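Heads up: the protein sequence lines correspond to chains A and B, in order. All the letters of the first sequence, read from the start, carry residue numbers 1 to 347 under this note's numbering. All the letters of the second sequence, read from the start, carry residue numbers 348 to 694 under this note's numbering. From the three backbone atoms N, C-alpha and C, an ideal C-beta is built for every residue, glycine too. A quick note: this is a predicted structure, and the numbers were derived from the prediction, not measured.
2 protein chains.
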Amino acid sequence: MNDASPGPDASAAIFDVVAIGSALVDVLTDASSEDLARFDMAKGSMTLVDLARAGTLYGAMGPAIEVSGGSAANTAVGVAELGGRVGYLGKVAADELGEIFLHDIAAAGVVLGRTSRVEPSPDPADDRATGRCLVYVTEDGERTMATHLGVASTFGPEDLDEEFVARGQVVYLEGYLWDLDPAKSALRRAMEVAHDADSLVALSLSDPFCVQRHQREFLELLHGDVDLLFANEDETTLLFSASSFDDALVAVEETGILAALTRGAAGSVVVAASGPVHIPADEVAHVADTTGAGDLFAAGFLYGLTHGKDPESCARLGGLCAAEVISHIGARPRADLRQLASGAGLL
Amino acid sequence: MNDASPGPDASAAIFDVVAIGSALVDVLTDASSEDLARFDMAKGSMTLVDLARAGTLYGAMGPAIEVSGGSAANTAVGVAELGGRVGYLGKVAADELGEIFLHDIAAAGVVLGRTSRVEPSPDPADDRATGRCLVYVTEDGERTMATHLGVASTFGPEDLDEEFVARGQVVYLEGYLWDLDPAKSALRRAMEVAHDADSLVALSLSDPFCVQRHQREFLELLHGDVDLLFANEDETTLLFSASSFDDALVAVEETGILAALTRGAAGSVVVAASGPVHIPADEVAHVADTTGAGDLFAAGFLYGLTHGKDPESCARLGGLCAAEVISHIGARPRADLRQLASGAGLL
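What follows is the structure, given as structure tokens:
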């Protein structure tokens, strides 16, 4: 495991998408609703936890499996699996989980930017290990997450390779990063760099609690900073303090930006200049694990958008990718997405 | 991930089974037969590889997932999931994969013996990391493995907690360990300790190539050292240099020991004092990954044997456990084995 392949040449390509996010390895376990209650976890949410809490939770967790994750990284892998050219910026430690993360994302064909691999700290209280996300999958396929960011929490402007960012046709940003001031500064700078290069800026709202924490700033971003919004139903409704998703849709239209909004089994809604379009969800025989559903929806949408598809086709492609990833454990695609999309006549 | 729970109290219990094996984390990837050919890997085999080769293979490998593995460890977890009392002896490094291994086996209810967690070597050429097994799963569900043992290769007599071993009703040994002289010495000593304590010694032949390497010694072990033999069809035939499995069965009978022999989709054969009994395999709708099939067969058999079942019932329980583990990715059970076995009237 000491030869994390650097992947395709990073020096020259123009990317369909450059994604920036928290580089994490997911630790997946089966859990019951009682398990969640015992640890005061709100089902379906993502909570940031410190090292001590992560240790307590992991110690009490059942047997698990480890799969590379990280919201924007999942999206980047999805775009690459569809055949898109993707770059990724994130931050891992020079440890085994970091190696696993770098291996898996490069093996999927994603080009890694000037990657920050920092040495773990000798001080055990200062956890500079690769970030990990404890994912509890309940019987209904829903996931509840406790994330210890580790070294991903130190992502800042100095980690932003601006030349790399400027090469993306779309620069895709993970809302989760807004929780950390240095990362927030880096994202604000990435938006400037993208716009200076005439690129689009896409933002994923990531999580309802993330929206609650940053509602005012996220709303402000919709006026000039962000060109494409990804959010689910709850996040959209919370963002506009709306009493219903339908009311929120009206508010989204008023912003004038392109929005791709997911509604789980109810499909998605694309709000474009021509008004909202509702797209049904793909059928899934058995929902095994919803982790990555939103990330892979974004992947399909972004691939379509950067390949001349209309917004509705983009959403259909997003729905197909989301359906694949929730049919099995883990937030990275397992089937050949390009073949699936081609078979469905969506490429 | 810093709080690998020590699991149940290790100080007093009498165990149904004490298992000794190479502590490994499996790195699972989907692969084609062409991938295997490109790397000169014989389909279905396990090859030991050095650090450089492991690095080359991992660098060329597609995206993977990490799951705790190790043949005897898988068996130990299976016995524990059925409700048995199990102890395990193996060797990991004080690194992240080691933490993952220790967490998962303890979380399954296996009691860890005086575990050797050794610090990784500062010399990168001297790989004292936790061992890992690169597992290539082809479309037919067959697995082909390249194992870098890392620190597991240093298991020796000094790691054998004899008092712990003596507490097992059955002491279960992994044939793979025969490849390493210090481990072989430890296993020979474990056999003496077990017999001094009036325990049974069970040996798994692990792999056809392992049988080819150690045929003479394995045959000698059947005369007094081993009381219960686990092997698959190929291993059994090779062990006795037989021209067919039926001929090999005659040779097994002549040894007079108890043998539980697996035949994949053709089920299993138990050779006991009363002669061979053929048991059909459980039906599996879709074989996802055969990794761990033999290990989990042994788990079911050992649970039955230590709970007063006759050999045929033991083999049925083994078949049920094997069927569960091949229905999904990874060599550790995901369904509730105790519930499955109870539902099938086998407990």
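Residue from A:His195, A:His223, A:Asp282 with nearest C-alpha to glutamate 253 of chain A | For the purposes of this step, residue 253 of chain A is identified with residue 253 of the first sequence, where counting begins at 1. Selected option, being the one with the closest Cα: A:His223.
Quick one: which chain A residues come within Cβ less than 7 Å of methionine 408 of chain B?
-> One-based indexing of the second sequence puts residue 408 of chain B at position 61. The answer, in chain order, is Ala107.
With alanine 251 of chain A as the anchor, note down where its alpha helix (DSSP H) starts and where it stops.
-> The residue you call residue 251 of chain A lines up with position 251 of the first sequence. Here the alpha helix (DSSP H) through alanine 251 of chain A covers 245-255.
Cβ neighbour criterion (16 or more within 10 Å) applied to glutamate 582 of chain B | Start at 1 with the first residue of the second sequence, and residue 582 of chain B comes out as number 235. Buried: at least 16 other Cβ atoms inside 10 Å.
List the residues of chain B that alanine 64 of chain A touches, going by C-beta distances under 8 Å, in chain order.
-> Reading the first sequence from its first residue, position 64 is the one you call residue 64 of chain A. Result: Ile447, His450, Asp451, Ala454.
Below-8 Å beta-carbon distance, aspartate 95 of chain A vs any chain B residue = The residue given as residue 95 of chain A occupies position 95 in the first sequence. Chain B, which has a Cβ nearer than 8 Å to the Cβ of aspartate 95 of chain A, makes this yes.
Tell me, please, whether the CB atom of valine 457 of chain B is closer than 8 Å to any CB atom in chain A?
-> Residue 457 of chain B sits at position 110 when you count from the first residue of the second sequence. It does not; no Cβ of chain A falls within 8 Å.
Give the DSSP-derived three-state secondary structure of aspartate 161 of chain A in the structure shown.
-> In the first sequence, the residue the question calls residue 161 of chain A occupies position 161. DSSP places aspartate 161 of chain A in coil when its eight states are reduced to three.
Going by beta carbon distance, what residues of the same chain come within less than 8 Å of leucine 375 of chain B, once the five residues before and after it are set aside?
-> Taking the first residue of the second sequence as 1, we reach residue 375 of chain B at position 28. If we look at leucine 375 of chain B and ignore the five residues flanking it on each side, its Cβ neighbours are Ala411, Ile412, Glu413, Val414, Val482, Val484, Asp636, Thr638, Ile676, Gly677.
When the Cβ atoms of the segment 79-89 of chain A are set against those of the segment 300-308 of chain A, are three or more pairs found closer than 8 Å?
-> yes
Measuring CB to CB, does cysteine 358 of chain A end up less than 8 Å from leucine 24 of chain A?
-> Look at the range of chain A in this structure, 1 to 347, and you will see that residue 358 of chain A is not part of it.
Contacts that glycine 677 of chain B makes with chain A (C-beta to C-beta distance below 7 Å) | On the second sequence, position 330 is the one that residue 677 of chain B refers to. Residues of chain A passing the Cβ test: Ile65.
Output, in chain order, the set of chain A residues within a Cβ distance shorter than 9 Å of serine 532 of chain B.
-> Locating residue 532 of chain B in the second sequence gives position 185, where the first residue counts as 1. Going along chain A, no residue has its Cβ under 9 Å from serine 532 of chain B, so there is no contact; the nearest lies around 29 Å.
Shortest alpha-carbon distance to glycine 460 of chain B belongs to which of B:Pro469, B:Ala423, B:Arg475, B:Val573?
-> In the second sequence, the residue the question calls residue 460 of chain B occupies position 113. Nearest C-alpha to glycine 460 of chain B: B:Ala423.
Answer with buried or exposed for glycine 308 of chain A, where buried requires no fewer than 16 other C-beta atoms within 10 angstroms of its C-beta.
-> Here residue 308 of chain A refers to the residue found at position 308 of the first sequence. It counts as exposed.
Cβ-based burial, aspartate 442 of chain B [other Cβ within 10 Å; buried from 16] | For the purposes of this step, residue 442 of chain B is identified with residue 95 of the second sequence, where counting begins at 1. Label assigned to aspartate 442 of chain B: buried.
Kindly indicate the opening and closing residues of the beta strand (DSSP E) around alanine 19 of chain A.
-> Here residue 19 of chain A is taken as the residue at index 19 of the first sequence, counted from 1. Counting along the chain, the beta strand (DSSP E) containing alanine 19 of chain A begins and ends at 15-20.
Give the interface partners of serine 369 of chain B over in chain A, defined as CB-CB distance under 7 Å, in chain order.
-> One-based indexing of the second sequence puts residue 369 of chain B at position 22. Ordered by position in chain A, no residue passes the 7 Å Cβ test against serine 369 of chain B, which lies about 17 Å from the chain.
Beta carbon of alanine 662 of chain B nearer than 8 Å to that of isoleucine 604 of chain B = Within the second sequence, numbered from 1, the residue matching residue 662 of chain B stands at position 315. Within the second sequence, numbered from 1, the residue matching residue 604 of chain B stands at position 257. Contact flag unset, no.
Rounded C-alpha distance that separates isoleucine 14 of chain A from glycine 69 of chain A = Counting from 1 along the first sequence, the entry for residue 14 of chain A is found at position 14. Counting from 1 along the first sequence, the entry for residue 69 of chain A is found at position 69. Cα to Cα, isoleucine 14 of chain A sits roughly 24 Å from glycine 69 of chain A.
Please list, in chain order, all residues of the same chain as alanine 499 of chain B whose beta carbon is under 6 Å from its beta carbon, the five residues on each side excluded.
-> Counting from 1 along the second sequence, the entry for residue 499 of chain B is found at position 152. The residues are Ser369, Ala370, Lys438, Gly478.
Contact check, alanine 323 of chain A vs aspartate 282 of chain A, beta carbons under 8 Å = By one-based count along the first sequence, residue 323 of chain A stands at place 323. By one-based count along the first sequence, residue 282 of chain A stands at place 282. Yes, the Cβ-Cβ distance between alanine 323 of chain A and aspartate 282 of chain A is below 8 Å.
DSSP state of aspartate 572 of chain B mapped onto helix, strand, coil | One-based indexing of the second sequence puts residue 572 of chain B at position 225. Three-state DSSP puts aspartate 572 of chain B in coil, outside helix and strand.
Determine, using beta carbons only, whether serine 415 of chain B comes closer than 8 Å to chain A.
-> Taking the second sequence and counting its residues from 1, the one referred to as residue 415 of chain B is at position 68. True, the Cβ-Cβ gap to chain A drops below 8 Å.
With C-beta atoms as the reference, is serine 45 of chain A less than 8 Å away from threonine 144 of chain A?
-> Indexing the first sequence from 1 puts residue 45 of chain A at position 45. Indexing the first sequence from 1 puts residue 144 of chain A at position 144. Yes; because the gap between Cβ atoms is below 8 Å, this pair is in contact.
With DSSP run on the structure shown, which of helix, strand or coil describes isoleucine 676 of chain B?
-> Walking along the second sequence from the start, residue 676 of chain B turns up at place 329. Isoleucine 676 of chain B: coil per DSSP, three-state reduction.
Outcome for serine 342 of chain A when other beta-carbon atoms lying within 10 angstroms are tallied against a minimum of 16 = The residue labelled residue 342 of chain A in the question sits at position 342 within the first sequence. Exposed, since its Cβ has fewer than 16 Cβ neighbours within 10 Å.
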